[in-house]
Amino acid sequence: MLYSFGEIEGKWQKRWYASDLFKAKDDTSLPKYYPLIEFPYPSGSGLHVGHPRAYIALDIIARKRRMQGFNVLYCIGWDAFGLPAENYAMKNKVHPRVVSQNNIKRFKSQIQRLGISFDWSREINTTDEKYYKWTQWIFLQLFKKGLAYKAETIVNWCTGCNVVLANEEVVDGKCERCSSEVIKKQKNQWILKITGYAQRLIDDLDEVDFPSKVKSSQINWIGRSEGVNIQFKITTGDTLEVFTTRPDTIYGVSCMVISPEHRFVSQWLDLAANPAAMRNYVEAAAKKSEIERTSLDKEKTGVQIEGIFAINPVNQAQIPIFISDYVLTSFGTGAIMAVPAHDPRDSEFAKKYSLPIIEVIKEAGPSSSACESEKLINSGMLDGLSIKEAQKKITDWLEETNFGYKKVNFKLRDWVFSRQRYWGEPIPIIHCEKCGYVPLDESELPLELPEIESFEQMEAGISPLENLTDWVNVKCPKCGAAAKRETDTMPQWAGSSWYFLRYCDPQNDQELASQKALDYWMPVDWYNGGMEHTTLHLLYSRFWYKFLFDIGVVQTKEPYAKRTSHGMILGENNEKMSKSRGNVVNPDDVLDKHGADTMRLYEMFIGDFESAASWNTDSIKGCARFLERVWGLLKLPTSDADDFSDGLKLSFNKTIKKVSGEVEDLKFNTAIAALMSLLNEIYVASKINRFELKTFLLLLCPFAPHISEELWERCGLKGLACTSSWPEYNDADCLDSSTEIAIQINGRIKARIVIRTDEIKEEVLKLAKSEPSIREILGNSKIKKEVYVPRSLVNFVV
RNA sequence: GCGGAUGUGGCGGAAUGGCAGACGCGCCAGACUUAGGAUCUGGUAUUUAACGAUGUGGGGGUUCAAAUCCCUUCAUCCGCACCA
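With the first letter of the first sequence counted as 1, position 304 gets the number 308 in our numbering; the numbers rise by one all the way through.
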């Protein structure tokens, strides 16, 4: 008897989605649980077998929580703005809305075939104006608080997408999405002041349960460094400020280096002896790409600003000044004091330009361990001090003499937020010559994305919206004069920065969600998503959430109490699945051939949830066979009972305990293994009572809900499996009355005996010694030590 | 360079100081079969005729006891990277 999964799965899915079974209730008196998966971008290629890994995992949690009596909010939506749909639209002359609607339809049917228990009544879509009304509203609040500003800065420019990119979107000097080369460009852009939250984004990580890798990546990305800003007087009368974490090395300074974009470069052109050389160098640096400029193996280049010098405040030494692109404009003050003796980069530079190398720290001998033994030398007032002491003394001195002050710097840059594209949320700002940037009145939200003929940029880097003169030309809301709308749109990360708040109250047209709903549901209890979002979506959404906390919209500091990450599913050849590699597995094929329950089990059984795993078509069979054998339970002789039989009581208790615990630790693979073992034992017993059958189906239900529900019904059990209570176990019943232990001599196993589980130590040792083979080996050698690990082993040391 | 991992049978992987290889795939043998890419039963780390010995990347250490803890080394992967 083969079970026909096709019919069964279709039948239950229809019933589930037609009912309120998985709908979250607005009853705030119930204990709540909010699991969250990253909502997908509905791409044209349909669902990938990687998507369901996360959906199934949290579906298991969601289903188990419902069985445990929680009010569960488990939702999905569509992150549907973005470039792929727009590019497809340009090529095929279809509106991106139509493109993404079709993709969503396909994604939805594929996901529903998996029997995931999403609350579809709360489905959201970032491109829906009722949704992006609130994305725009949040932007306006940021603007009003001065956290959204427009500024002419040097930005990352993707030469492929013709669009600016946030720092987080540049990977190895290339565009995160299309891998085209990224260059630096001076541009006027909307920017969000995420740097204002840098310290809190680090500090509040202490409050959340995230993988240490995620925490350290974010901390590393934010890149806090503590140091001192030091002011050097310049022979021109200017003051050059540098940032350093090593003020103690100030006597070792042999030159100053400023970045090619430093404001003093142009200021000093007329004063320097070599303006032509300076100009050449700066122009050459500007032409370099991001990769060229940051490449580490490249030789350092630079040019001296002749005739202008800096004065070292501690010893009045006259120091030459250089321009070099190894100094970054965007970090610190864009200028450094170079200490070649104690910084490898400065050392490389000094060697090339034959600058003095002044050692100011006596290197510790090879025998001494820490820098504790290192002492300052050649350093005037700092001589003989340790590095720590010297840092304190020089910092105090600099502050007293007004030559410097303590400073904390971050690597994190502000978030460049505008994109020169059509398919995104319009930025609700009007530019008036007289009044500057004027926000749209909130009553006019949503500012709808207008219909448009062509999605092509008329000119590289200019939004297609620029062509819609009727839409662009408006009256200034403040003074009534002629003004223009902002034509750039928001980046894809905007809509995804707050979507989990909307699930709490998705139909609300008065607020982004009601206070009551937010207070009840937030924070998200368990958020699972990809590592690739660690310094993008995960960081951005924490920033927005903190801002919403500050303006009183939400009541907790952090949006996600717990974060986990699933590993990627690779192709059979161990490589990332991609069309070009020809190793893509289509979930539809798997579903057609094996059904949803088998696919669900297989994706959870494939290996450690947090590690990458390669797809293996042969291994799916194991899960399919398991379900066939589950189906075969119908054939076993069944007796009425309201408790476990003596023969299976132990196994059932142990399995309930194991499955209950392991699911919480993301150990789905071993939880399923435990269910397989239990089934094997049931077959060895070759009978099952109704209570056992019921318990087995309840344990299986979150993993393979369709077959569990079908068998539940066929066995005449009451109600539905998925609305019944999660089974309980008794700790005392997880121990057998007798157990086999190993007997070791000097750590090597020599025999095994069966003892009563509650046997006292002395008796066990006596039994072990009297075991014939042990008695023989021991002979009359003297036992030095006897170790007994309860219910496990005995070790005699002779 | 900095940070984070990982390394166990033919394969995916179990075991967080206490009997290495659970569970599954594959493979081998048998049963049932006209048939088997179905199902069932048994077996399956290496070495040895056997008793036994060896075995968790390599080396060292702690311990009665180490895949697990410490030191060292090699290899692979991931993130960040001229951040002063």
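In this text, a Cβ means the ideal position worked out from N, Cα and C, and glycines have one as well.
Residue range of the alpha helix (DSSP H) that includes residue i
| i | result |
| --- | --- |
| residue 54 | 54-71 |
| residue 355 | 348-356 |
| residue 381 | No alpha helix (DSSP H) holds residue 381; DSSP gives it neither H nor E. |
| residue 598 | 591-598 |
| residue 675 | 672-689 |
| residue 659 | 650-668 |
| residue 140 | 133-148 |
| residue 524 | 519-525 |
| residue 94 | 87-96 |
| residue 469 | No alpha helix (DSSP H) holds residue 469; DSSP gives it neither H nor E. |
| residue 9 | 9-22 |
| residue 709 | 709-718 |
| residue 80 | Here residue 80 belongs to no alpha helix (DSSP H), and DSSP marks it neither H nor E. |
Residue j beta carbon less than 9 Å from that of residue i
| i | j | result |
| --- | --- | --- |
| residue 469 | residue 491 | yes |
| residue 700 | residue 686 | yes |
| residue 383 | residue 252 | yes |
| residue 3 | residue 541 | Since the first and last residues shown for the chain are 5 and 802, residue 3 lies out of range. |
| residue 350 | residue 232 | no |
| residue 573 | residue 619 | yes |
| residue 567 | residue 35 | no |
| residue 28 | residue 123 | yes |
| residue 142 | residue 79 | no |
| residue 269 | residue 284 | no |
| residue 454 | residue 134 | no |
| residue 290 | residue 282 | no |
| residue 328 | residue 430 | no |
| residue 730 | residue 664 | yes |
| residue 88 | residue 47 | yes |
| residue 444 | residue 140 | yes |
| residue 674 | residue 631 | no |
| residue 359 | residue 314 | no |
| residue 58 | residue 710 | no |
Candidates the options, of which the one nearest residue i by Cα
| i | options | result |
| --- | --- | --- |
| residue 378 | 384, 134 and 393 | 393 |
| residue 748 | 781, 733 and 69 | 781 |
| residue 137 | 787, 654, 511 and 99 | 511 |
| residue 305 | 316, 279, 353 and 298 | 353 |
| residue 225 | 556, 500 and 414 | 414 |
| residue 91 | 666, 9, 461 and 517 | 461 |
| residue 558 | 767, 133, 528 and 361 | 528 |
| residue 480 | 659, 437, 716 and 673 | 437 |
| residue 774 | 763, 757 and 788 | 757 |
| residue 205 | 389, 60 and 564 | 564 |
| residue 241 | 259, 271, 801 and 380 | 271 |
| residue 643 | 30, 719, 391 and 44 | 719 |
| residue 258 | 220, 336 and 346 | 346 |
| residue 539 | 75, 175, 110 and 19 | 175 |
| residue 440 | 590, 482, 130 and 427 | 482 |
| residue 227 | 396, 751, 203 and 75 | 203 |
Opening and closing residue of the beta strand (DSSP E) in which residue i lies
| i | result |
| --- | --- |
| residue 162 | 152-162 |
| residue 39 | 39-41 |
| residue 477 | 477-479 |
| residue 435 | 433-436 |
| residue 610 | Unbroken run through residue 610: none, as it is neither H nor E. |
| residue 443 | 440-443 |
| residue 806 | No answer is possible for residue 806: it lies beyond the span of the chain, which begins at 5 and ends at 802. |
| residue 187 | 186-196 |
| residue 575 | Looking at the DSSP string, residue 575 is not in any beta strand (DSSP E), and its letter there is neither H nor E. |
Assumed close pair residue i, residue j - CB separation to whole angstroms, cut-off 8 Å
| i | j | result |
| --- | --- | --- |
| residue 179 | residue 173 | 7 Å |
| residue 792 | residue 770 | No, residue 792 and residue 770 are not in contact; Cβ-Cβ is about 11 Å, not under 8 Å. |
| residue 26 | residue 121 | 4 Å |
| residue 703 | residue 659 | 7 Å |
| residue 391 | residue 365 | 7 Å |
| residue 191 | residue 159 | 5 Å |
Note down, one range per segment and in chain order, each alpha helix (DSSP H) of at least 4 residues found wholly within the stretch 201-279.
-> 202-207, 216-226 and 267-272
Whole beta strand (DSSP E) runs in the stretch 721-790 with 3 or more residues, listed along the chain?
-> 742-749 and 752-760
If you scan the stretch 480-563 from start to end, which runs of the alpha helix (DSSP H) of 4 or more residues do you find wholly inside it?
-> 503-506, 519-525 and 541-554
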